[in-house]
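Asker: Residue numbers (the UniProt record's numbering): 1 to 253. The following block contains the structure, expressed as structure tokens.
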Amino acid sequence: MATALVIENDPTDDLRRLGEWLTEGGLEQHVLRPYEDDQLPDDLSGYDAFVVMGGEQNAYPDDDGVWDGWWLPKVEGLLRKAVRTNLPTLGICLGAQLLATAHAGAVERSASGPEIGPALVAKRDAAEHDPLFRWVPIAPDVLQWHQDEITELPRGAVLLAASTYYPNQAFRLGERAWGLQFHIECDAEMIASWAAGSTELAELGLSEEAVVGACASVLPDLEDVWQPFAIRFAALAQGELDLPRTTLPLLGR
Numbered sequence: 001m002a003t004a005l006v007i008e009n010d011p012t013d014d015l016r017r018l019g020e021w022l023t024e025g026g027l028e029q030h031v032l033r034p035y036e037d038d039q040l041p042d043d044l045s046g047y048d049a050f051v052v053m054g055g056e057q058n059a060y061p062d063d064d065g066v067w068d069g070w071w072l073p074k075v076e077g078l079l080r081k082a083v084r085t086n087l088p089t090l091g092i093c094l095g096a097q098l099l100a101t102a103h104a105g106a107v108e109r110s111a112s113g114p115e116i117g118p119a120l121v122a123k124r125d126a127a128e129h130d131p132l133f134r135w136v137p138i139a140p141d142v143l144q145w146h147q148d149e150i151t152e153l154p155r156g157a158v159l160l161a162a163s164t165y166y167p168n169q170a171f172r173l174g175e176r177a178w179g180l181q182f183h184i185e186c187d188a189e190m191i192a193s194w195a196a197g198s199t200e201l202a203e204l205g206l207s208e209e210a211v212v213g214a215c216a217s218v219l220p221d222l223e224d225v226w227q228p229f230a231i232r233f234a235a236l237a238q239g240e241l242d243l244p245r246t247t248l249p250l251l252g253r
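Listed below in structure tokens is the structure:
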């Protein structure tokens, strides 16, 4: 079987259902947990895909230049190598933000406040020509849980899905790298763990029970959309989807 390298940035956001779908599609996963001191490789040789998960960390250093995790600059470097070598790549939430910042995009604390719970995003016209997004419904269900947003996409990125207050919801960079601001991996247990004691829920005036229940109610709809998406990504990693070659200028950071 083909193998994806997976960076798990936070113990509360593992592959969960996404891992099951990738396995179903024939893509095994080698998971590294740098928060447990797993060391990251210098390159991605030997892997057929690259997946970067979410987490509570910021995708940028603080005013003193200190990152929330020692490994995040190295993840940025691996994301640059993945895009340059056309390795099938998927970034989820923080992973999508790191994909953007690694290529001179911008991520900031959202002026619209936290975005939490079930939501709809709207496909852009460019998605109809995308090998993964073309089969996604016009307004797919997603789960949101973030305070930061991608305020500027990298040069040459293709916007695939948007929403009113958080415009950059999904994008492709180069031929084979996708960033999703939202979550597709969650199950009810994961959402419940995030909601427990969440200060963001209080800020939004939402109850823990209401958010967990609302998220649980849309999980079947999410599976209908994002399980086939994950299967297509696995097929791409195994060379079963043919993509046209394009030339894209990419900026380092």
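The beta-carbon is built from N, C-alpha and C at its ideal position, and this holds for glycine as well. None of the values given here were measured: they were computed from a predicted structure.
#1: Should the stretch 102 to 114 be called in touch with the stretch 132 to 140, which here means at least 3 C-beta pairs below 8 Å?
#2: Can you look up D150 in the DSSP assignment and give me helix, strand or coil?
#3: Measure the Cβ-Cβ separation of R16 and D187 and say whether it is below 7 Å.
#4: Of the residues A82, D38 and D43, which one's Cα is nearest the Cα of D10?
#5: Between A4, W145 and V51, which has its C-alpha nearest E200's C-alpha?
#6: What whole-angstrom Cβ distance do G174 and A100 have, given they're in contact under 8 Å?
#7: Specify, as a first and last residue, the run of the beta strand (DSSP E) that E115 falls within.
#8: Around the C-beta of M1, are 16 or more other C-beta atoms found within 10 angstroms, so that it is buried, or is it exposed?
#9: To the nearest angstrom, report how far apart T247 and A126 are at their CA atoms.
#10: What are the boundary residues of the beta strand (DSSP E) that W178 is part of?
#11: Measure the Cβ-Cβ separation of P118 and V218 and say whether it is below 7 Å.
#12: Hey, quick one: how far does the beta strand (DSSP E) through V52 stretch, first residue to last?
#13: Leaving out five residues before and five after S110 in sequence, what residues of the same chain have Cβ atoms less than 7 Å from its Cβ?
#14: In whole angstroms, what is the alpha-carbon distance linking L159 and Q169?
#15: What is the residue span of the beta strand (DSSP E) that T89 lies within?
#16: Ordered along the chain, which non-local residues of its own chain (more than five positions away) have a Cβ less than 7 Å from that of E115?
Answerer: Considering the structure as presented:
#1: With the cut-off at 8 Å, the stretch 102 to 114 and the stretch 132 to 140 do not touch.
#2: Contrary to the premise, residue 150 reads as Ile rather than Asp in this sequence. Of the three classes helix, strand and coil, the one that applies to I150 here is strand, per DSSP.
#3: In contact: R16 and D187 (Cβ atoms closer than 7 Å).
#4: Residue nearest to D10 within the set A82, D38 and D43 is D38 (criterion: CA-CA distance).
#5: Here the closest residue by C-alpha is W145.
#6: About 13 Å; that fails the 8 Å criterion.
#7: Run containing E115: E115 to L120, per the beta strand (DSSP E) assignment.
#8: In summary, M1 is exposed, with fewer than 16 beta-carbon neighbours lying within 10 Å of its beta-carbon over all protein chains present.
#9: Interpretation of T247 is limited by its pLDDT of 45, a score under 50 that renders its predicted location unreliable; no figure is taken from the coordinates.
#10: Where W178 is concerned, the enclosing beta strand (DSSP E) starts and stops at A177 to L180.
#11: Result yes, Cβ atoms of P118 and V218 sit closer than 7 Å.
#12: For V52, the uninterrupted beta strand (DSSP E) segment begins and ends at A49 to V52.
#13: The beta carbon of S110 lies closer than 7 Å to those of Q147, D148, E149 and Y166 in the same chain, with the five residues before and after it left out.
#14: Taken atom to atom, the span from the alpha-carbon of L159 to that of Q169 is near 8 Å.
#15: If you look at T89, you'll find it in the beta strand (DSSP E) that goes T89 to I92.
#16: Q144, H146 and Y166.
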